[in-house]
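Okay, so the sequence shown: first residue is 1 according to UniProt numbering, each after it adds one.
Note that CB positions come from ideal geometry on N, CA and C, so glycine has one too.
First up is the structure itself, then whatever we jot down about it.
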Amino acid sequence: MENSLTNYGNVYEVDLGHSVKATMYMANDSSSCFLTNTNTTTDAIVTFRGNKYNVPAWSVSLLPDCQTEEYNTAKVNVQTSVMIKGKNKAEDEPISLNWVWRAENIDDALLGRGNFSTNGLVDQKIIASDASDYVWYMTRLDLDQSDPVLSNNMSLRINGTGHVIHAFVNGEHIGSHWATYGIRSYEFETKIKLMQGKNIISLLSVTLGLQNYGPNYDKWSAGLIGPISVISTKDDETVVKDLSSNKWSYKVGLHGWDNKFFSEDSPYASASKWESNYLPTKRMLTWYKTTFKAPLGLEPLLVDMQGMGKGFAWVNGHNIGRTWPSYDASEDGCSDDPCDYRGEYSDRKCVINCGQPT
Numbered sequence: 001m002e003n004s005l006t007n008y009g010n011v012y013e014v015d016l017g018h019s020v021k022a023t024m025y026m027a028n029d030s031s032s033c034f035l036t037n038t039n040t041t042t043d044a045i046v047t048f049r050g051n052k053y054n055v056p057a058w059s060v061s062l063l064p065d066c067q068t069e070e071y072n073t074a075k076v077n078v079q080t081s082v083m084i085k086g087k088n089k090a091e092d093e094p095i096s097l098n099w100v101w102r103a104e105n106i107d108d109a110l111l112g113r114g115n116f117s118t119n120g121l122v123d124q125k126i127i128a129s130d131a132s133d134y135v136w137y138m139t140r141l142d143l144d145q146s147d148p149v150l151s152n153n154m155s156l157r158i159n160g161t162g163h164v165i166h167a168f169v170n171g172e173h174i175g176s177h178w179a180t181y182g183i184r185s186y187e188f189e190t191k192i193k194l195m196q197g198k199n200i201i202s203l204l205s206v207t208l209g210l211q212n213y214g215p216n217y218d219k220w221s222a223g224l225i226g227p228i229s230v231i232s233t234k235d236d237e238t239v240v241k242d243l244s245s246n247k248w249s250y251k252v253g254l255h256g257w258d259n260k261f262f263s264e265d266s267p268y269a270s271a272s273k274w275e276s277n278y279l280p281t282k283r284m285l286t287w288y289k290t291t292f293k294a295p296l297g298l299e300p301l302l303v304d305m306q307g308m309g310k311g312f313a314w315v316n317g318h319n320i321g322r323t324w325p326s327y328d329a330s331e332d333g334c335s336d337d338p339c340d341y342r343g344e345y346s347d348r349k350c351v352i353n354c355g356q357p358t
């Protein structure tokens, strides 16, 4: 079949009726055919080259020699494996795990120290080059006493397209925001206090991976696209200072990642460098670590990350992927009706587990 598809030859299409067409690839010494039923509800029985074929609705049949059906997209049998969660039966293993933690070091970012600077905002895809989900955007705002934006009623307004943003002004966390499920563009505004003189604005933009399907997906923006503005209201007058064209410094990644907090070979793996007297919860930019005995047997293991925020997980120094189980899917869109996958693709078709962790 590879020969007839890849070698120079002729391609013919024949309408067989009932929304079915045959596509024939003819090479010198071989031929291969496809039967396509574009009807979304009705199966079809058609005659092709003297043989009858049953082509289910919205499916394609593959005939490697234009005679024998070897495969149809609607007749695929899939083996189903049921995973059962069981307790860890390792000898003398405690029921609960003992965790230690340490905060991510963000001192340089809060002081506006990046790896490089440029005028204006840059797409996160370009800055990170797929090396990290995390990019710091940092700028300096100098205000003198007469600056019209300086008042007791100021806010910072950010337009972004990442999944999460953590915002800091002069070293103080002023708020965090994450985009609505399925809608990545957002506008985030929160009250701030600026002082006369130097002010440092540090914004950590976080993505949960990058768009990898859909029309022109490579052109979808990520990160902080702007505008980013300081809004001031004084005596019924609104003043807007656009920071988008400011000089911005950028830093890719996290200190803990760069120093391999997840590896026992790291100099930061020493127990003395981790806190154990209490365990903070719902705390951003925090590393957590525990140890456990491997369960008996050779079956695949499940790591239950329920309750964790956006982050990554490692086991024995190996990255097992991103986590964000605390981010629930929309409550809308699920149905008890039988699922019908036929017809054009839609991300709202056959939706399950609405309102559950994504």
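Per DSSP, E2 is one residue of the alpha helix (DSSP H) stretching across 2 to 6.
Selection N159, L141, A103 evaluated against V122 yields N159 as nearest (Cα-Cα).
In this structure the segment 106 to 121 touches the segment 220 to 239; the number of beta carbon pairs closer than 8 Å is three or more.
Looking at the DSSP output, E69 shares a beta bridge with no other residue.
According to the DSSP assignment, K125 belongs to no beta strand (DSSP E) but to the alpha helix (DSSP H) extending over 124 to 128. By the Cβ test, the segment 161 to 177 is not in contact with the segment 289 to 304, since fewer than three Cβ pairs between them sit closer than 8 Å. The beta carbons of N77 and A57 sit no closer together than 7 Å.
Residue K260 holds the alpha-carbon nearest to the alpha-carbon of N105 among G355, Y341, V303, K260.
In the structure shown, G256 falls within a helical segment according to DSSP collapsed to helix, strand and coil. The secondary-structure analysis by DSSP pairs V135 across a beta bridge with S205, V252. When the Cα atoms are used, K247 and R140 turn out to be separated by approximately 8 Å.
For Y186 and G162, the gap between their C-alpha atoms comes out near 8 Å. Taking the Cα of T207 as reference, the smallest distance to any Cα among C33, D337, S330, K125 is reached at K125.
Under a 10 Å Cβ-count criterion, M138 is classified as buried, with 16 or more other Cβ atoms of the shown protein chains found around its own Cβ.
Around the beta-carbon of L5, fewer than 16 other beta-carbon atoms lie within 10 Å, marking it exposed.
Around the beta-carbon of W99, fewer than 16 other beta-carbon atoms lie within 10 Å, marking it exposed.
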